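Going down the list, the protein sequences come from chains A and B. Each number in our numbering corresponds to the 1-based position in the first sequence with 277 added. Each number in our numbering corresponds to the 1-based position in the second sequence with 4 added. Virtual Cβ for every residue (Gly too), placed ideally from N, Cα, C. These numbers were taken from a predicted model, which means no experiment stands behind them. Inspection log for the structure reproduced underneath, given as structure tokens.
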Amino acid sequence: MTRFNPSGTISASYDTGSQDMFKDKREVQHCLGEQQYIATDEIATVLFLAEQLNKPILAEGPAGVGKTELAKAWAGASNRELIRLQCYEGLDETKALYEWEYAKQMLYTQLLRDKLSQLLSEAETLSAAADRLASEEDVFFSERFLLPRPLLRALTSDKPVVLLIDEIDRSDTEFEAFLLEILSDFQVSVPELGTIKARHQPLVLLTSNNTRELSEALKRRCLYLFVDYPSMEQELNIVRLKVPELNLKLAQQAVQIVQRLRSMDLKKSPSVSETLDWAKALVALNADHMDETTLNSTLTVLLKHETDVQRARGGLDNRAGRGGSQVVERYDAYGPDPRRRKR
Amino acid sequence: MDSRIVHFITALRASGVRISLAESQDAFYAIDRLGLEDREVFRVSLKTTLVKEAKDGPTFDRLFPLFFGSGQPPLTNGTGGLSADEQQMLEDALRQLLRELRAELLRRLAEGRSLTPEELQQLGQQAGLQNAGQAYQQPWLTRRMLQQLGLQDLQEAIGELMELLAALGMSDAARQQLRDAMQGNAEALEEQVDNYVGQQIAENMAQEYEKREPLDDLMHRSFETLTEHERDELRHQVARLAAQLRSRAALRQKRGKEGTLDPKATLRANLQYGSVPIKMKFRHKQLKPKLVLIADVSTSMRPVAEFMVRLMYELSDQISRARSFAFINHIHDLTHDFEQGRASEVVQDVLERIPPGSYNTDLGASLVEFAHDHFDSVDRRTTVIFLGDGRNNYNDPRLDLVDQIKRRARRVLWFNPEHPQQWRHGDSDMLQYAPLCHAVHRVSNLAELAEAVDRLFD
């Protein structure tokens, strides 16, 4: 039984062509660049493909390489709103899809009590009263009392959106199975209201830190993108873009040290976001060159385990002093045209 | 082009990348949309649609250039910059070289002629390329083919040629130019051969892969008749099978989650509505089973036991608590082994530690030890699984102990690979054990075993 009244935003109309799509991957790359996101050819191509094929993207890779950032930049680049669903263990439909707003329903019932008794007083028999009440039932099970959670918001949004499902690997297998239905049809059913179809097909990005194996069914439905740590050149570009106050030479040294740290056997390798934090710390400390004291005092920004810090000090000791002599040779300063960034 | 892509997909599958039909279809859609003009876009389109696991990335990167060219620079003609005189000198020098093969190679390098497909094929046949079916054979075969070309003492050969040319009066500059060109060409030639070898191996693997017995058939073949190779193939499938079972179990759990009303939690949750019970709270049904596996690991039972243990390990997240024991004539507690390490290694380790010997299978004696040392592992929520053929070598079957376990446990199941008709013959005590179990499943092949395991999660 579908007692859904077509009053508001939930509708069954479907249009995908309204939004301007990217013409090619260069344009994707360019627009992402305007969002301050430096995308490799691979990332740009996959995003472009996802839009063309209407498929979700599953982005995997170590923590802190900018997977979430990618979704934000994607939303910015395609002029869409970003709706984010953060996954965690125990996440269920009421948190992800929708929930009835009990308290509000209650409050309305209380406030409308007089009106209700007036309405029911006209009824002769008990069953007539029940019928009358039933005919007004829609008032209490309407969209008014439906609390949309991220997934429903993404489906019913007036404008096309980018839906970010963050850290899907943290959710339970059951939730993953539930998500499959949404990702394949872009529609959900709310028992009291009927089936709700997406107005605009959202662009979907799922991220995973690979803490557990995702189901094959989910992978099959997605395009797969492995985001790895950036190369030295790319990372330098990122630092230059995000922390322009840091002078070039120091930025080069910093990136070099980070790249060296990643090649060490550490409990947790420094991520790109940590490189940026470090760069900001160096700016805040007014450091103009990398010496042992600066390095030692700021290393904890990069490394979050005491054993890692110890090990890194041992490994970097003989290098930090003369790090300046080995500059990145192939550095190509980030010009006004973001396309130039790629070799 | 399409058939090339299909070939490529088969080669990927043969190298252990799992690609479903839907995924290969996606690859074709993607290429339809994006076209073939840009090689990099083409590569990424294939990769993102076909490869869904980070560990398979390198396999893709290795095979892609073999099937769609590596974009390597072609060989260059080193004689272009030489004057007519100098070309004549080169010709004379090459003629003076005594060894035919070497002269031929040097001429090829100087002129920058790449190997024709026929030549490659011939070289490959001589090196035994047609029998190669493993990726690791590539460097070795490449080296062999290059040796046949005479590339192994190239430096010496070039040196010899240069001496001859110097004697004939060629200028230093021209000699250096020729030398550089030949070096470059030699590298390009090596790459050409290496690519050819890689591609042939990949194609051999793909062909072999297409000829192999469908997995479904293997799943239904009895454990005893499997060869070691086939068993290996099935081992790879266990993780996949487990994933299937897991999602089924998870769905079942989702459906059956809500049990009886939990008054305490309901009261607490509804305090905010003035204790009007609006939100009902239910007790979660404890659906994840507690398992105790007692597995016979004597020679005849080994394959079944191995697969059972593997499955159980893969499914450990669907089991609230699992203890596993192995026996031949003594009981061994394996639980500790499984709390650390990956399934495949652990299974091997355990089986090596309890070598199949000439000792007699004796469940009775093992049960006595079990009852003495590990009886606390069985409680009213435990499902006890016996995995064995029930053949006790005429030892005391100790039915009383099985009965005791039954009274304590929630369920007692028996997985037996033998056909019920065999139970009445020889030293089988199965007919005596069977009435003491809640259910007996026959598990002679992987399909049956999977089904039996699936029932555990009902």
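Mind checking B/L305: buried by the 16 CB within 10 Å criterion, or exposed? For clarity, residue 305 of chain B is Met in the given sequence; the question names Leu instead. B/M305 should be labelled buried.
State the beta-bridge partners of B/H336 as determined by DSSP. Looking at the DSSP assignment, B/H336 forms a beta bridge with B/A330.
Own chain, CB closer than 8 Å to B/A58, minus 5 neighbours either side, in chain order: none
Measure the CB-CB distance between B/A269 and B/K285 and report whether it falls below 8 Å. Contact: yes.
How should A/H477 be labelled, buried or exposed, when 16 other C-beta atoms within 10 angstroms of its C-beta is the threshold for buried? buried
Identify which residue in B/A254, B/D337, B/D236, B/K294 has its Cα closest to the Cα of A/S492. For the residues B/A254, B/D337, B/D236, B/K294, the minimum Cα distance to A/S492 belongs to B/A254.
So if I threshold CB-CB distances at 8 Å, which residues from the region 278-289 of chain B count as touching chain A? Of all residues in the region 278-289 of chain B, V280, I282, K283 have a Cβ within less than 8 Å of some Cβ in chain A.
Quick one: Cα of A/S353 to Cα of A/R517, how far? One detail in the question is off: residue 353 of chain A reads as Gly in this sequence, not Ser. Answer to the nearest angstrom: the Cα atoms are 21 Å apart.
Using three-state DSSP, classify A/R361 as helix, strand or coil. Assigned with DSSP and collapsed to three states, A/R361 falls in strand.
Can you tell me where the beta strand (DSSP E) with B/D300 in it begins and where it stops? 294-300
Going by other Cβ atoms of all chains shown within 10 Å of its Cβ, with 16 needed for buried, is B/D393 buried or exposed? buried
In chain order, what residues of the same chain have a beta carbon less than 7 Å from the beta carbon of A/G341, not counting five sequence neighbours either side? S548, V549, S550, E551
Is A/E304 close to chain B, meaning its C-beta is less than 8 Å from at least one C-beta of that chain? no
Any C-beta of chain A sitting closer than 8 Å to the C-beta of B/A107? Cβ-Cβ to chain A under 8 Å: no for B/A107.
Beta-carbon proximity list for A/I515, same chain, < 7 Å, skipping 5 on both sides: Result list for A/I515: I315, P507, V549, in chain order.
Taking the C-alpha atoms as reference points, what is the distance between B/A131 and B/Q141? The straight-line gap from Cα to Cα measures roughly 11 Å.
Who are the Cβ neighbours of A/Y365 in its own chain at under 8 Å, not counting the five residues just before and after it? E444, R447, S448
Closer than 7 Å: B/F379 CB and nearest the ligand HEM heavy atom: This structure simply doesn't include the ligand HEM, nor any ligand for that matter.
Helix, strand or coil for B/V197, going by three-state DSSP, please let me know. helix
Quick check: the region 577-584 of chain A against the region 536-545 of chain A, are there 3 or more CB pairs under 8 Å? yes
Given a cut-off of 8 Å on the beta-carbon distance, is the pair B/R459 and B/E452 in contact? no
How would you write the range of the alpha helix (DSSP H) that B/P267 sits in, first residue to last? Following the DSSP letters along the chain, one finds B/P267 inside the alpha helix (DSSP H) bounded by residues 267-273.
Near-chain A residues of the region 14-42 of chain B (beta-carbon distance less than 9 Å), N- to C-terminal order: R22, S24, A26, E27, D30, Y33, A34, R37, L38, D42
With distances taken from CA atoms, which of B/E422, B/Q408, B/E108 is nearest B/V416? It is B/Q408.
Own chain partners of B/D96 with C-beta closer than 7 Å, once the 5 adjacent residues on each side are dropped: L172
So which residues of chain A does B/R215 contact, with C-beta pairs closer than 7 Å? Correcting the residue type first, residue 215 of chain B is Lys in the shown sequence and not Arg. The contacting residues do not exist; B/K215 stays about 25 Å from chain A at best.
Chain A beta carbons: is any one of them nearer than 8 Å to that of B/E343? no
So with CB distances below 8 Å, who are the chain B contacts of A/V416? Near A/V416 there are no residues of chain B at all, since even the closest Cβ is about 17 Å away, more than 8 Å.
Rounded separation between B/D27 and B/V45 - CA only: The displayed chain sequence assigns Glu, not Asp, to residue 27 of chain B. Using only the alpha carbons, I get a separation of about 17 Å.
B/A253 by DSSP, collapsed to three states: which one? helix
Classification of B/Y437 by the beta-carbon crowding that lies within 10 angstroms, buried from 16 upward: buried
I need the DSSP call for A/T484, collapsed to helix, strand or coil. strand
Give the interface partners of A/Q383 over in chain B, defined as CB-CB distance under 9 Å, in chain order. One detail in the question is off: residue 383 of chain A reads as Met in this sequence, not Gln. Correct list: Y277, G278, V280, I282.
Can you find the residues in the same chain that come closer than 6 Å, C-beta to C-beta, to B/L94, ignoring five residues on each side of it along the sequence? The answer is none, since no qualifying residue turns up.
Out of A/R489, A/H307, A/Q382, state which residue places its alpha-carbon closest to the alpha-carbon of A/F417. A/Q382
Which of helix, strand or coil does DSSP assign to B/N420? strand
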